[in-house]
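*Asks:* The sequence shown finishes on residue 233 if you use our numbering, and the numbering steps up by one all the way, no holes.
Handing you a structure now.
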Amino acid sequence: MSHPIIKDLNTRYTAKKYDASKRISAEDMEVIKEALRLSASSINSQPWKFVIVESDEAKQRFHDTFENMHQFNQPHAKAASHTILFAHDPEFTKEKFAKRVDAEVSSGHLPADMYDMFMGAYAFAEANTDENGFNGTWTKAQVYIALGNILHTLARLGIDSTPMEGVDAKLIGEKFADELEGHVCDVALAIGYHEEGEDYNHGLPKARLAQDHVVTVA
Ligand SMILES: Cc1cc2nc3c(=O)[nH]c(=O)nc-3n(C[C@H](O)[C@H](O)[C@H](O)COP(=O)(O)O)c2cc1C
16 MSHPIIKDLN
26 TRYTAKKYDA
36 SKRISAEDME
46 VIKEALRLSA
56 SSINSQPWKF
66 VIVESDEAKQ
76 RFHDTFENMH
86 QFNQPHAKAA
96 SHTILFAHDP
106 EFTKEKFAKR
116 VDAEVSSGHL
126 PADMYDMFMG
136 AYAFAEANTD
146 ENGFNGTWTK
156 AQVYIALGNI
166 LHTLARLGID
176 STPMEGVDAK
186 LIGEKFADEL
196 EGHVCDVALA
206 IGYHEEGEDY
216 NHGLPKARLA
226 QDHVVTVA
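Printed below as a string of structure tokens:
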């Protein structure tokens, strides 16, 4: 299929080795940040924080979070141009949701007299909140929408990436406590440019189940 979307999805892949000398331009980083911000989420909750690891100091901190586990992902911490920490809010409260509804009104998306009606949508969050106020399973699901969105954005920009659930959420929480502000990072995304001739995963065909195995038209 020659559609540009299908071309994007066929050419993007999980990079296994980065060229440490190549950096993403400031212009492309702005596109990436804006694409993150524009990601969709249930009831427009946006229960997330995206921490962009860019400086050498932050890269060293991220590198050090692999001290106890998942060392196979550790080289990306310094060799990739950037890493994005995708973090969810484990306690997304009604007060926090009200800030989003404020933005609904101030942006002109929601008429002011519908404010209370929109607040009622918090019932979706409540239905996913336990007796301790934890709704991290639901908010983490929202973060993966942003991850999928950015994978395609990167493909379109010709930037390579590596999604990583192989990260240590506890150590990231400790070493990036200031940036995370209570959010939890269970998944990160290294981004940059693969090292020519050194990345065994580059240029291989896609390995996916057949379309009729995963898509059913009823
Ligand atoms: C949520 C998620 C977590 C992943 N975690 C890792 C990881 O920790 N390390 C890694 O090398 N690849 C990781 N991958 C890459 C997958 O193995 C890869 O996406 C899959 O095999 C499909 O291959 P492709 O991305 O090259 O199309 C992850 C992918 C996703 C979507």
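We put the beta carbon where it would ideally sit given N, CA and C, even for glycine.
What is the DSSP secondary structure of Leu100, reduced to helix, strand or coil?
*Replies:* Correct three-state label for Leu100: strand.
*Asks:* On the DSSP bridge list, what partners appear for Leu204?
*Replies:* Ile99, Pro178
*Asks:* Taking only the alpha-carbon atoms, compute the straight-line gap between Gly218 and Gly148 and give it to the nearest angstrom.
*Replies:* 46 Å
*Asks:* Looking at Asp104: is its Cβ nearer than 7 Å to the Cβ of Pro62?
*Replies:* yes
*Asks:* Considering only heavy atoms of ligand 1, does any lie closer than 6 Å to the CB of Met84?
*Replies:* no
*Asks:* Have a look at Phe81, Leu51, Ala205 and flag the residue whose alpha-carbon is nearest the alpha-carbon of Val182.
*Replies:* Phe81
*Asks:* Under 8 Å: do the region 65 to 81 and the region 121 to 137 share three or more Cβ pairs, one atom per stretch?
*Replies:* no
*Asks:* Kindly list the residues whose CB is nearer than 7 Å to the CB of Ala127, restricted to its own chain and excluding five residues on each side of it in sequence; keep chain order.
*Replies:* Val120
*Asks:* Can you list, in chain order, the residues of its chain with a C-beta nearer than 8 Å to that of Tyr137? Leave out the 5 residues immediately preceding and following it.
*Replies:* Ile58, Lys109, Phe112.
*Asks:* Return the chain-ordered list of same chain residues with a C-beta closer than 7 Å to the C-beta of Val199, the five sequence neighbours on each side being excluded.
*Replies:* Closer than 7 Å at the Cβ level, and outside the excluded window around Val199, lie Ala102, His103, Pro105, Gly151, Ala184, Gly188.
*Asks:* Got a sec: does ligand 1 put a non-hydrogen atom nearer than 6 Å to the Cβ of Gly173?
*Replies:* Checking the Cβ of Gly173 against ligand 1 gives no.
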